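S.K.:
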Amino acid sequence: MWIETTRNLLDTVLKHVTVLLVNESEAELLTGISNPQKAGHQLMEYGIKKVVVKLGSYGAILIDEENQIHIGAYPVKNVIDPTGAGDVFAGTFAAVLNSGGTAKEALVQASALASVCVEGFGVEKILECDKDEINKRISYINTTLDL
């Protein structure tokens with residue numbers, strides 16, 4: 042895998058990263074640590090300001106200088122296609138931060154939209170989804186916060 046074959050280059054790049062989003066497997070490959078929270082803290086040692094470790098159906102963890110937040114995932118009853126959910130998560134997280142939202146808001150909204158994405162192919166369900174449904178998911182995810 043590229044993490045192992047280009048390690049020196051990757052270490053150099055990570056020293057210039059501000060926000061890093063990885064899944065649990067990537068976090069372990071980067072750090073050698075299987076615990077996602079500990080791996081996230083280890084990644085912060087590169088100088089990264091915010092680390093998000095995505096845990097799939099178990100939610101996500103955000104670690105930054107001020108927070109360590111774990112959120113649960115919205116319980117999706119009918120997963121059609123997980124393709125693109127990580128991209129939706131990353132794009133939403135970046136958009137919320139860029140528009141002045143907090144890291145917690147970005148994490149929750151990213152998780153909510155990713156949960157919609159998996160209920161269809163591509164972004165079809167996101168395009169069909171109304172604001173009330175997204176707000177319902179955001180409210181639910183907010184109840185799962187572990188600060």
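Quick note, my numbering runs 41 ahead of the 1-based positions in the sequence shown. Ideal Cβ positions, reconstructed from N, Cα and C, are used throughout, including at glycine. In this text, all values refer to a predicted model and were calculated from it rather than measured experimentally.
How would you write the range of the alpha helix (DSSP H) that His82 sits in, first residue to last?
M.R.: Looking at the DSSP string, the run of the alpha helix (DSSP H) that includes His82 is Pro77 to Met85.
S.K.: Can you list, in chain order, the stretches of the alpha helix (DSSP H) that have 4 or more residues and sit fully within the stretch 116-173?
M.R.: 126-139, 144-158 and 165-169
S.K.: Where does Ile74 sit, in a helix, a strand or coil, going by DSSP?
M.R.: coil
S.K.: Quick one: Cα of Gly97 to Cα of Asn64, how far?
M.R.: Looking at the two C-alpha atoms, the distance is approximately 8 Å.
S.K.: Can Glu67 and Ile44 be called in contact, C-beta distance under 8 Å?
M.R.: yes
S.K.: Leu84: which of Leu61, Gly125 and Ser75 sits nearest, CA to CA?
M.R.: Measuring from the Cα of Leu84, the nearest candidate turns out to be Leu61.
S.K.: Just mark His111 as buried or exposed, buried being the case when its beta carbon has 16 or more other beta carbons within 10 Å.
M.R.: By the 10 Å Cβ count, His111 comes out buried.
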